[in-house]
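Written below as structure tokens is the structure these notes are about.
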Amino acid sequence: MGSATRRRCVAAALLLVGGLLAAACDVGGEQTPQDESSSPPTPRPPRKPAERPPAARQPVTLRVFAEPGAVDIHQGVWRFGLEDAFESKHPNIKVEWQPLPRPPAGKPVDEDFSALLASGDLVDVVQIHTGWTGLAVARGGLLALDRLVARDRYDLTDYWPGLLAASRWRGELYALATSAAPYPLLCNAMLFAEAGLEVPRGAWTWAQFLAAARTLATTQQPRPVYGFAFPFSFHLPLTLPWIWGNGGDMLSDDLGQSLVDQPAAQEAVQWLADLVHVHAATQKADEAAAGGQIRALWQAGQVAMMHQVWLPAVSLSRSAPQGGIAFAETPRGPVHPASYMIIPSGPWHISSASPRTDEAWAFLMWWTSAEAQRAYQAFEANITTLMPPARQLVASEFEARYGEVTLAALAHGRPVPLHPAIGPLLEVFQRGLAPAFAGQQSVAEATAAVAQEQDRILAQGTP
Numbered sequence: 000m001g002s003a004t005r006r007r008c009v010a011a012a013l014l015l016v017g018g019l020l021a022a023a024c025d026v027g028g029e030q031t032p033q034d035e036s037s038s039p040p041t042p043r044p045p046r047k048p049a050e051r052p053p054a055a056r057q058p059v060t061l062r063v064f065a066e067p068g069a070v071d072i073h074q075g076v077w078r079f080g081l082e083d084a085f086e087s088k089h090p091n092i093k094v095e096w097q098p099l100p101r102p103p104a105g106k107p108v109d110e111d112f113s114a115l116l117a118s119g120d121l122v123d124v125v126q127i128h129t130g131w132t133g134l135a136v137a138r139g140g141l142l143a144l145d146r147l148v149a150r151d152r153y154d155l156t157d158y159w160p161g162l163l164a165a166s167r168w169r170g171e172l173y174a175l176a177t178s179a180a181p182y183p184l185l186c187n188a189m190l191f192a193e194a195g196l197e198v199p200r201g202a203w204t205w206a207q208f209l210a211a212a213r214t215l216a217t218t219q220q221p222r223p224v225y226g227f228a229f230p231f232s233f234h235l236p237l238t239l240p241w242i243w244g245n246g247g248d249m250l251s252d253d254l255g256q257s258l259v260d261q262p263a264a265q266e267a268v269q270w271l272a273d274l275v276h277v278h279a280a281t282q283k284a285d286e287a288a289a290g291g292q293i294r295a296l297w298q299a300g301q302v303a304m305m306h307q308v309w310l311p312a313v314s315l316s317r318s319a320p321q322g323g324i325a326f327a328e329t330p331r332g333p334v335h336p337a338s339y340m341i342i343p344s345g346p347w348h349i350s351s352a353s354p355r356t357d358e359a360w361a362f363l364m365w366w367t368s369a370e371a372q373r374a375y376q377a378f379e380a381n382i383t384t385l386m387p388p389a390r391q392l393v394a395s396e397f398e399a400r401y402g403e404v405t406l407a408a409l410a411h412g413r414p415v416p417l418h419p420a421i422g423p424l425l426e427v428f429q430r431g432l433a434p435a436f437a438g439q440q441s442v443a444e445a446t447a448a449v450a451q452e453q454d455r456i457l458a459q460g461t462p
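Each residue of the sequence shown is one higher than the one before, counting from 0 in numbering that gives the first Met the number 0.
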């Protein structure tokens, strides 16, 4: 996949600067006495060293890997208006886009990915799913960016705070994002109007949300309506914000212990389970597991509210029934106002094995710049995969496209913790809570079992 790695070798020309030697030697006669009243001769200023011409930098091919489904889009944005501008500042750097290879059938993704990162010759910059970042960091595959940020005084203040927090492990920054995935509440405006309700504007509470969900829900045939729906079973992005709002969390601050069995988390999960079994305002867990079924119900006008990530939300809103779609803030909990989750959408990293760190950092700074994000928004304006920008300034420029609710979700979003075992931890969380929502197990029993299994995973260390 290209020529062998060559390190830059900069040859410097040595300049020999000779001084002027003055000798007062009278070979054949007497020396003439110097007039004491005369001024001493003015010394000549020292000759300045000749300026060296800047050394020509060796050409470098930078290998940038991205997720297979996104490579074409990235290349399009790059060629749309960024390539020429980048190469005018870095004429020695050529960017070669590559799809991140998928592992062979039956081979674990993390093993194949770790081998790819460790190769050095293959990867300089890589875009990976945020769920793999922690594992890649723990295995030494990614470079901490803090030294480069400090050296070049790179300003991070324009990034959404939640995106930076999502990319830090033990205080060090390992990724920069170009876009973000917030989780707003998607509403069917037609169903709200039929129920005599207005789509909420601004902050609202759990009690107000529950009242709306109960009013919107109906069992009338042939068109029953769910007041609220979880489209991807009870996966963490759809459950954790409720736990945060009640003052709880999934893991302790040091990421060493599960807190799912603590009262704050248990109460939040119980409140969600009551939406099903007490208030009949949402679907059962077996129905929620059928994500495709919930999407079909949404498009049929049988779901009033759905907690959904931005990307599918845009796609669903464009294929929804007549009546209009609106975004609402997720209700704020009784203890803490945190009600949003934010996830970096395919963050970008530098491989720790890359011998082209400076060139990789030059690309990463440019690719995540405000200019690049504006180009991305312009390129993807008519594509359903368009995601909100990672920079606050650029997002504010496109407020008309994303709306106040999305900007609020970006500004106040809280991330999933970066942990090497976050994949198994989330899988346990999702699978373990399902029996409580299905009515097959009490919330206390389900959360205790989840906490026990998560503690076992945490005790094992890096997978």
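Positions of the beta carbon are idealized from the N, C-alpha and C atoms, including for glycine.
Quantities reported herein were computed from a predicted structural model and do not represent experimental measurements.
Excluding the 5 residues preceding and the 5 following V449 in the sequence, name in chain order all residues of the same chain whose CB lies nearer than 8 angstroms to its CB.
-> Locating residue 449 in the sequence shown gives position 450, where the first residue counts as 1. Excluding positions up to five away in sequence, the list reads S257, V259, D260, V427, F428, G431, L432.
Distance, Cα to Cα, L99 vs G140?
-> As a working mapping, residue 99 is identified with position 100 in the sequence shown. As a working mapping, residue 140 is identified with position 141 in the sequence shown. Those two C-alpha atoms are separated by around 15 angstroms.
How would you label D471, buried or exposed, when you count the other beta carbons within 10 angstroms and need 16 or more for buried?
-> No statement about residue 471 is possible, as the shown extent of the chain runs from 0 to 462 and does not include it.
Please check the pair R390 and A369, which I expect to be a contact at CB under 8 angstroms, by giving their CB distance rounded to whole angstroms.
-> Start at 1 with the first residue of the sequence shown, and residue 390 comes out as number 391. Start at 1 with the first residue of the sequence shown, and residue 369 comes out as number 370. At roughly 5 angstroms, the Cβ-Cβ gap stays under 8 angstroms, so R390 and A369 are in contact.
Chain-order list of residues whose beta-carbon lies under 7 angstroms from that of S344 (same chain, five-residue window excluded) = Your numbering for residue 344 matches position 345 in the sequence shown. A176, S178, A179, A180, M386, listed in sequence order.
Taking the Cβ atom as the reference point for each residue, do F191 and A303 lie within a distance shorter than 8 angstroms?
-> Here residue 191 refers to the residue found at position 192 when the sequence shown is read from its first residue. Here residue 303 refers to the residue found at position 304 when the sequence shown is read from its first residue. Result yes, Cβ atoms of F191 and A303 sit closer than 8 angstroms.
Measure the C-alpha to C-alpha separation of E396 and Q372 and round it to an integer number of angstroms.
-> As a working mapping, residue 396 is identified with position 397 in the sequence shown. As a working mapping, residue 372 is identified with position 373 in the sequence shown. Going from the Cα of E396 to the Cα of Q372 covers about 11 angstroms.
Length of the line joining the Cα atoms of T367 and P388 | Position 368 of the sequence shown, counting from 1, holds the residue named residue 367. Position 389 of the sequence shown, counting from 1, holds the residue named residue 388. Each residue's alpha carbon lies about 10 angstroms from the other.
Residue burial classification, A206 (beta-carbon count within 10 angstroms, cutoff 16) | Position 207 of the sequence shown holds residue 206. Around the Cβ of A206, a 10 Å sphere holds fewer than 16 other Cβ atoms; the residue is exposed.
Whole angstroms is fine: what's the gap from T60's alpha carbon to W243's?
-> Residue numbering aside, residue 60 sits at position 61 when the sequence shown is read from its first letter. Residue numbering aside, residue 243 sits at position 244 when the sequence shown is read from its first letter. As the crow flies, the alpha-carbon of T60 is around 45 angstroms from that of W243.
In or out: F378 buried (at least 16 other Cβ within 10 Å) or exposed?
-> For the purposes of this step, residue 378 is taken as the residue at position 379 of the sequence shown. By the neighbour-count rule (16 or more Cβ atoms within 10 Å), F378 is buried.
Distance between Q57 and L250 (C-alpha atoms, nearest Å) = Residue numbering aside, residue 250 sits at position 251 when the sequence shown is read from its first letter. Residue numbering aside, residue 57 sits at position 58 when the sequence shown is read from its first letter. Distance between the alpha carbons of L250 and Q57: 48 angstroms.
Can you name the start and end residues of the alpha helix (DSSP H) that R373 belongs to?
-> Numbered from 1 along the sequence shown, position 374 holds the residue referred to as residue 373. 369 to 378 is the extent of the alpha helix (DSSP H) around R373.
Would you report the Cα separation of P240 and L184, rounded to the nearest angstrom?
-> Reading the sequence shown from its first residue, position 241 is the one you call residue 240. Reading the sequence shown from its first residue, position 185 is the one you call residue 184. Distance between the alpha carbons of P240 and L184: 12 angstroms.
Leaving aside the five residues before and after V393 along the sequence, list all residues of the same chain whose C-beta is less than 8 angstroms from its C-beta, in chain order.
-> Working through the sequence shown from its first residue, we reach residue 393 at position 394. Excluding sequence neighbours, V393 sits near A369, Q372, R373, Q376.
Using DSSP with H/G/I as helix, E/B as strand and the rest coil, what is T329?
-> Locating residue 329 in the sequence shown gives position 330, where the first residue counts as 1. It is coil, neither helix nor strand.
Go ahead and label A149 buried or exposed: buried means 16 or more other beta carbons lie within 10 angstroms of its beta carbon, across all protein chains shown.
-> By 1-based counting over the sequence shown, the position of residue 149 is 150. Burial call: exposed.
So, I421 versus L162, is the Cβ gap smaller than 8 angstroms?
-> Within the sequence shown, numbered from 1, the residue matching residue 421 stands at position 422. Within the sequence shown, numbered from 1, the residue matching residue 162 stands at position 163. Taking 8 angstroms as the cut-off, the beta carbon of I421 is found no closer than this to the beta carbon of L162.
Hey, V268 and A435: beta-carbon distance below 8 angstroms or not?
-> On the sequence shown, position 269 is the one that residue 268 refers to. On the sequence shown, position 436 is the one that residue 435 refers to. Cβ distance < 8 angstroms, so V268 and A435 count as in contact.
Local Cβ density within 10 Å of D71, reported as buried at 16 or more and exposed below that | Counting from 1 along the sequence shown, the entry for residue 71 is found at position 72. It counts as exposed.
For T405, is the classification buried or exposed, using 16 other Cβ atoms within 10 angstroms of its Cβ as the cut-off for buried?
-> If you number the sequence shown from 1, residue 405 lands on position 406. Here T405 is buried, its C-beta having at least 16 other C-beta atoms within 10 Å.
At which residues does the beta strand (DSSP E) containing T60 begin and terminate?
-> Translated into positions along the sequence shown, residue 60 becomes position 61. In the DSSP assignment, T60 falls within the unbroken beta strand (DSSP E) covering 59 to 65.
Should R78 go down as buried or exposed, given a rule of 16 or more other Cβ atoms within 10 Å for buried?
-> The residue you call residue 78 lines up with position 79 of the sequence shown. That one is exposed.
Using the rule of at least 16 other Cβ atoms within 10 Å of the residue's Cβ for burial, across every protein chain shown, is A295 buried or exposed?
-> Position 296 of the sequence shown holds residue 295. Label assigned to A295: exposed.
Taking DSSP as the reference, what is the three-state secondary structure of T218?
-> Here residue 218 is taken as the residue at index 219 of the sequence shown, counted from 1. Correct three-state label for T218: coil.
Between which two residues does the beta strand (DSSP E) carrying M304 extend?
-> Position 305 of the sequence shown holds residue 304. From DSSP, the beta strand (DSSP E) with M304 extends over 304 to 306.
Buried or exposed (CB count within 10 angstroms, at least 16 for buried), A399 | Mapped onto the sequence shown, residue 399 falls at position 400. Exposed.
Can you give me the Cβ contacts of F64 inside the same chain, cut-off strictly under 6 angstroms, excluding the 5 residues immediately before and after it?
-> By one-based count along the sequence shown, residue 64 stands at place 65. Taking F64 as the centre and dropping the five residues before and after it, the same chain places the C-beta of Q97, L99, V122, V125 closer than 6 angstroms to its C-beta, in chain order.
Opposite Q439 in the DSSP bridges: which residues?
-> By one-based count along the sequence shown, residue 439 stands at place 440. In the DSSP assignment, Q439 forms no beta bridge with any residue.
Closest by CA to T156, which one among A410, E444, Q440, A194?
-> Residue 156 sits at position 157 when you count from the first residue of the sequence shown. The alpha carbon of T156 has as its nearest neighbour, out of A410, E444, Q440, A194, the alpha carbon of A410.
Rank I127, A143, F227 by C-alpha distance to the C-alpha of T214 and give the top, closest one.
-> Taking the first residue of the sequence shown as 1, we reach residue 214 at position 215. Closest option to T214, Cα to Cα, is F227.
Spatially closest choice to E82 from A164, D253, W297, A361, by CA coordinates = Here residue 82 corresponds to residue number 83 of the sequence shown, with the count starting at 1. Nearest C-alpha to E82: A361.
If we ignore side chains and look at the alpha-carbon of each, how far apart do H306 and L237 end up?
-> As a first step, residue 306 is located in the sequence shown; it is residue number 307 there, counting from the start. As a first step, residue 237 is located in the sequence shown; it is residue number 238 there, counting from the start. One C-alpha to the other measures close to 6 angstroms.
Distance between M189 and I324 (C-alpha atoms, nearest Å) = The residue given as residue 324 occupies position 325 in the sequence shown. The residue given as residue 189 occupies position 190 in the sequence shown. Their backbone Cα atoms lie some 8 angstroms apart in a straight line.
In three-state DSSP terms, what is E474?
-> This structure leaves residue 474 out entirely; the chain is present only between 0 and 462.
Should E452 be labelled buried (16 or more other beta-carbon atoms within 10 Å of its own) or exposed?
-> Start at 1 with the first residue of the sequence shown, and residue 452 comes out as number 453. Buried, because 16 or more other Cβ atoms sit within 10 Å of the Cβ of E452.
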